[in-house]
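Residues 1 to 222, numbered by full-length UniProt numbering, are exactly what the sequence shown covers, in order.
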Amino acid sequence: MREARISADPAPVVIDWDRTAVIVIDMQRDFLEPGGFGAALGNDVSKLGRAVGPIAALLKAARANGVLVIHTREGHRPDLADAPPYKVERGDPAMRIGAPGPMGRILVRGEPGHDIVPALVPAAGEPVIDKPGKGAFYETDLELILRNRRVETLVVCGVTTEVCVHTTVREANDRGFRCLVPGDGCASYFDEFHEVGLKMIAAQGGIFGFVTTTASLIETLP
Ligand code: C5J
């Protein structure tokens, strides 16, 4: 038992680091680098880079303290059998999921764009969850892994704040996990969505969880 009191909005929260996992959502080249899925949708991908440094610092502290770290990647099978047609059919056909791009086929598993960015590559033994949807629990074995490790608290960071981070936090909250979201460890292509996304988590007494900072988490990890 390694209890820590974390400063957070709407209230400080006491967690047990031995029952906590850090989940890094979709820090993939496809979302953060030019030529990937995010760029294909017309986004300014440079906005997501701001989360890399804070996440790297959090992972360093978590790994040094033996805290479970889990990574997720959004993407599809090469035959796109797991990609809903309505998801694939969105946008310019030349830049859709499965189309060839400078980092390989867009949002397809095994392609360079599907990889996690070099600064945040998973360490040996850290689970990597490949997910077909926005939420990390949907059609994955994430919940099984967490229950087997008796995890009760999730620190959820990554991209994008209002899409895959939010969806995962909502899924986790409904499954009974306490969620902490370090705002500086998340990023969005839209500044206002990032801000409002964090507010939505902490509103109404913490309806989905607690919003904190990577520094507030790290200071409790020796
Ligand atoms: C999106 C994600 N935005 N990882 N995916 O499509 O947030």
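Backbone N, C-alpha and C define an ideal beta-carbon position, used for all residues, glycine too. Note that the structure is a prediction, hence the values are computed from the model and not measured.
Assuming residue i and residue j are in contact, meaning their beta carbons sit under 8 Å apart, how far apart are those beta carbons, in whole angstroms?
i	j	result
P132	G110	That belief does not hold up - the Cβ atoms of P132 and G110 are roughly 14 Å apart, past 8 Å.
V69	L80	That pair is no contact at about 30 Å.
G75	V108	6 Å
A62	V22	5 Å
Using alpha carbons as the reference points, say which of the options lies closest to residue i.
i	options	result
I106	G91, P12 and A62	G91
A40	A136, A64 and F31	F31
E162	V128, V22, L146 and K199	K199
I6	Y189, V181, G42 and I201	V181
I201	T220, L217 and G183	G183
L217	P85, V67 and E192	V67
For residue i, which residues of its own chain have a beta-carbon under 7 Å away from its beta-carbon, when the five flanking residues on both sides are left out?
i	result
A119	V52 and A56
E3	V14 and D16
N43	Y189
G49	L32
M1	D16 and D18
Using C-beta distances below 8 Å, list every residue in its chain close to residue i, excluding the 5 sequence neighbours before and after it, in chain order.
i	result
P222	N65
F137	E143, T168, E171, A172 and R175
R150	R19
P93	A99
D82	H76, P132 and E139
V45	F31, L32, E33, P34, G36, G38, A39 and Y189
R96	A40, V88, E89, R90 and I106
V117	M27, Q28, R29, L32, E33 and V52
Taking 7 Å as the cut-off, decide whether the C-beta atoms of residue i and residue j are in contact.
i	j	result
G185	D26	no
M103	R29	yes
R175	T153	no
residue 227	F210	With the chain covering 1 to 222 only, the question about residue 227 has no answer from this structure.
Y189	K87	no
A11	T212	no
H71	V128	yes
D141	R73	no
G101	G35	yes
P54	T214	yes
Once you ignore the five residues that flank residue i on each side, which residues in its own chain have a CB closer than 6 Å to its CB?
i	result
K134	V163, C164 and T167
H194	T161 and S188
D115	R29
T220	A4
Taking 6 Å as the cut-off, is the CB of residue i close to at least one heavy atom of ligand 3?
i	result
T160	As for ligand 3, it is missing from this structure, which binds only ligand 1.
Inset, instruction - Could I get the ranges of all uninterrupted alpha helix (DSSP H) runs contained in the segment 10-83, with 4 residues as the minimum, in chain order? - result: 29-32, 37-40 and 52-64, all fully within the segment 10-83.
Legend entry - Runs of beta strand (DSSP E) wholly within the segment 134-185 (minimum 3 residues, chain order): Taken in chain order, the complete beta strand (DSSP E) segments of 3 residues or longer contained in the segment 134-185 are 153-159 and 178-182.
Inset, instruction - At 4 residues or longer, and completely inside the segment 78-126: list those alpha helix (DSSP H) runs for me, N to C. - result: Taking only runs of at least 4 residues, the alpha helix (DSSP H) segments lying wholly in the segment 78-126 are 85-88.
Legend entry - beta strand (DSSP E) runs contained entirely in the segment 189-218, provided each spans 3 or more residues: The segment 189-218 contains these whole beta strand (DSSP E) runs: 210-212.
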